[in-house]
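Read in order, the letters of the sequence shown are residues 697 to 900 in our numbering. Using N, Cα and C, we set each Cβ at its ideal position, and we do this for glycine too. Only a predicted model underlies this, so the values are computations on that prediction, with no experimental measurement involved. Step one of this worksheet: look at the structure below.
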Amino acid sequence: MPIATSSNAIKISRNAIRSAIRQARRDISPEQQTQYASAAATLSISALHKLKISKVALYLTNDGELDTKPLIEALWQAGIEVYLPRLHPFSAGNLVFLRYTANTKLEQNSLKIWEPKLDITQMLLTHELDVVITPLVAFDKQGNRMGMGGGYYDRTLANWQQSGKPYPIGFSHDCQQVASLPCEHWDVPLPMIITPSTVFKFTD
Numbered sequence: 697m698p699i700a701t702s703s704n705a706i707k708i709s710r711n712a713i714r715s716a717i718r719q720a721r722r723d724i725s726p727e728q729q730t731q732y733a734s735a736a737a738t739l740s741i742s743a744l745h746k747l748k749i750s751k752v753a754l755y756l757t758n759d760g761e762l763d764t765k766p767l768i769e770a771l772w773q774a775g776i777e778v779y780l781p782r783l784h785p786f787s788a789g790n791l792v793f794l795r796y797t798a799n800t801k802l803e804q805n806s807l808k809i810w811e812p813k814l815d816i817t818q819m820l821l822t823h824e825l826d827v828v829i830t831p832l833v834a835f836d837k838q839g840n841r842m843g844m845g846g847g848y849y850d851r852t853l854a855n856w857q858q859s860g861k862p863y864p865i866g867f868s869h870d871c872q873q874v875a876s877l878p879c880e881h882w883d884v885p886l887p888m889i890i891t892p893s894t895v896f897k898f899t900d
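So, in C-alpha cells, the structure goes:
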C-alpha cells in the first residue's frame, strides 16, 4: 500500500472537513437560518461602521451558507455601495466585482452560483473596494479560512496586507468553526470573521 505524502494527507483532511461542515450548515433549519442571518447582519453593520467604509463586496448565499440578504439590505439602507463577484471573463480562476442594486440582472455561472450580468460600466477594481466579505467553508481560532478549493478569494486577497485594501472579513455560521485547519502557503488568513454570535478579531 502506498504511503500518503504530506500533501496528500492535507488534501484528504481538507476534503473531510469540507464535507462535514457543509453538511452541518445544510442541516440548519430555515427558521434558524433566518434568525442567524439577522443577528450576523446586525453585528456586521456595527463592525463596518467602525471601519468607516463606503464600498463593500460580498456574495449571494449558496449551499447552506449564512444568508447575506439581510446584510445586503442593511448596507443599502446605510448608503453603502454593494458589489458582487463574477467569474473573470478572460482570466480563469479570478474574480471581477460589479455594483449590485435591486435592479441588477443576475445569471448563474458554471458553478451554479448567481452573479451579475457582465457590464463594465458597473465594474470596480479590487483595490478600490474598502471591504470584501468572503464566503468560507470553515475557519479556525487563528483566523485561517478554508474555502471550496477554487482559490478565487485567495487570489483576490493575496496582496491586501501590502496595500491595506480591500480589508477581508469572513462571514460564517458558528458551526463552521474548528479548532485548527491544515493550511497551505497560498491560504490567506482573515483579520476578522463575523458569525451570528461573535465578531472575531485576529489582528489589532
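Pick from Asp826, Cys879, His745 and Leu739 that is closest to Gly843, judged by C-alpha positions: Put simply, of Asp826, Cys879, His745 and Leu739 the residue whose alpha carbon is nearest the alpha carbon of Gly843 is Cys879.
Contact belief for Leu752 with Tyr779 at Cβ below 8 Å, rounded distance in angstroms: As written in the sequence, residue 752 is Val, which differs from the Leu given in the question. So it is a contact: roughly 7 Å between Cβ atoms.
Starting from Ile829, follow its DSSP beta bridges and name the residues at the other end. Ile865, per the DSSP bridge assignment.
Give the secondary structure of Glu761 by DSSP, where H, G and I count as helix, E and B as strand, and everything else as coil. Coil at Glu761, not helix or strand.
Would you list the one or two residues that DSSP bridges to Arg782? Answer by DSSP bridge pairing, in chain order: Val792.
In terms of residue numbering, what span does the beta strand (DSSP E) encompassing Ala753 cover? Lys751 to Ala753 is the extent of the beta strand (DSSP E) around Ala753.
For the segment 866-875 and the segment 799-819, state whether three or more C-beta atom pairs, one from each stretch, are separated by less than 8 Å. In the pairwise beta carbon analysis, the segment 866-875 is classified as not touching the segment 799-819: fewer than three pairs are separated by under 8 Å.
Residue range of the unbroken alpha helix (DSSP H) whose run includes Glu727: For Glu727, the enclosing alpha helix (DSSP H) begins and ends at Pro726 to Leu747.
For the segment 818-833 and the segment 856-871, state whether three or more C-beta atom pairs, one from each stretch, are separated by less than 8 Å. Contact between the segment 818-833 and the segment 856-871 is established, with three or more Cβ pairs separated by less than 8 Å.
Quick one: grab the DSSP three-state call for Pro903. What the structure shows of the chain is the stretch from 697 to 900, and residue 903 is not part of that stretch, so it cannot be assessed.
Please report the straight-line C-alpha distance between Arg851 and Asp883, rounded to a whole angstrom. Looking at the two C-alpha atoms, the distance is approximately 9 Å.
Taking the CB atoms as reference points, tell me whether Pro864 and Val895 lie closer together than 9 Å. Taking the C-beta atoms as reference points, Val895 is found no nearer than 9 Å to Pro864.
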